[in-house]
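Chemist:
Chains as they are written, first to last, in the working numbering: chain A, 1 to 114; chain B, 115 to 226.
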């Protein structure tokens with residue numbers, strides 16, 4: 001069954017450093033998303049991406065964050081100048097068409113900022 | 115602003131019995147709802163969905179009920195199996211948006 005692949009599974013970074021979280025969505029999917037889950041809290045929407053541009057972003061997704069689809073397969077989330085409160089599980093997801101398809105999520109990247 | 119609420123953080127059910135997971139929402143603009151299941155160290159997995167034009171959707175052992183007037187949906191699992199033990203999230207979306215709003219999850223434990 002097709003999968004969304006995320007790397008690394010766990011990233012530890014110093015406060016103030018930049019991190020790039022990587023995702024390979026399912027190949028025929030057109031819509032891409034990043035969500036995060038702070039430990040013990042709900043899964044929160046960060047950003048959606050379609051046709052090489054951001055289609056929607058949350059208030060969490062400020063100038064510290066950026067997304068990119070650098071080639072035909074990868075979808076990245078860059079977090080500049082990381083803060084302690086950025087520590088969370090970050091989930092990438094993709095969908096073929098609209099939201100009614102449901103997403104396919106990756107297994108997540110656990111980001112720990114120390 | 116918690117638009118999607120799952121008020122029970124955990125639920126334990128005996129194997130073979132029915133599991134009922136509940137979800138309430140506040141935004142009357144929501145028109146599509148999903149349930150996701152999540153195992154530790156994995157991403158959420160899509161389970162079942164329901165459109166606001168329906169009040170019930172069934173898929174094998176899983177049935178989702180939607181009560182629009184009460185802004186309430188529930189997931190029924192019958193019969194419950196130990197492999198169903200996971201965290202279950204409900205999620206909702208409305209027109210002209212690309213995002214889902216997730217609840218905080220309910221941890222289901224099915225006892226053998």
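Ideal placement from N, C-alpha and C gives every residue a C-beta, glycine not left out.
#1: From the beta carbon of residue 218 (chain B), is the nearest beta carbon of chain A less than 7 Å away?
#2: If you measure between the beta carbons of residue 162 (chain B) and residue 179 (chain B), is that distance less than 7 Å?
#3: Does the count of Cβ pairs from the segment 124-143 of chain B and the segment 200-207 of chain B closer than 8 Å reach three?
#4: Just verifying my parser: in three-state terms, what is the DSSP assignment at residue 96 (chain A)?
#5: Mind reading off the beta-carbon distance from residue 109 (chain A) to residue 21 (chain A)? Whole number of angstroms is fine, and I expect it under 8 Å.
#6: How do the segment 47-62 of chain A and the segment 15-31 of chain A stand: do at least 3 beta-carbon pairs fall below 8 Å, yes or no?
#7: Give the range of the beta strand (DSSP E) segment to which residue 173 (chain B) is assigned.
#8: By the DSSP assignment, the beta strand (DSSP E) with residue 110 (chain A) in it spans what residues?
#9: Out of B:197, B:123, B:152 and B:184, state which residue places its alpha-carbon closest to the alpha-carbon of residue 141 (chain B).
#10: Starting from residue 41 (chain A), find everything on chain B with Cβ-Cβ shorter than 8 Å and list it in chain order.
Modeler: Reading from the atomic positions:
#1: Within the second chain, numbered from 1, the residue matching residue 218 (chain B) stands at position 104. So yes, residue 218 (chain B) belongs to the interface.
#2: Residue numbering aside, residue 162 (chain B) sits at position 48 when the second chain is read from its first letter. Residue numbering aside, residue 179 (chain B) sits at position 65 when the second chain is read from its first letter. No, Cβ-Cβ distance for residue 162 (chain B) and residue 179 (chain B) is not below 7 Å.
#3: yes
#4: In the first chain, residue 96 (chain A) corresponds to position 96, counting from 1. Residue 96 (chain A): coil per DSSP, three-state reduction.
#5: By 1-based counting over the first chain, the position of residue 109 (chain A) is 109. By 1-based counting over the first chain, the position of residue 21 (chain A) is 21. With 8 Å as the limit, residue 109 (chain A) and residue 21 (chain A) qualify as a contact, their Cβ atoms being about 5 Å apart.
#6: yes
#7: In the second chain, the residue the question calls residue 173 (chain B) occupies position 59. Per DSSP, residue 173 (chain B) belongs to the beta strand (DSSP E) from 170-173.
#8: As a position in the first chain, residue 110 (chain A) is number 110, starting the count at 1. Start and end: 109-113.
#9: Counting from 1 along the second chain, the entry for residue 141 (chain B) is found at position 27. Nearest of B:197, B:123, B:152 and B:184 to residue 141 (chain B), Cα basis: B:184.
#10: Locating residue 41 (chain A) in the first chain gives position 41, where the first residue counts as 1. Neighbours of residue 41 (chain A) on chain B, chain order: 218.
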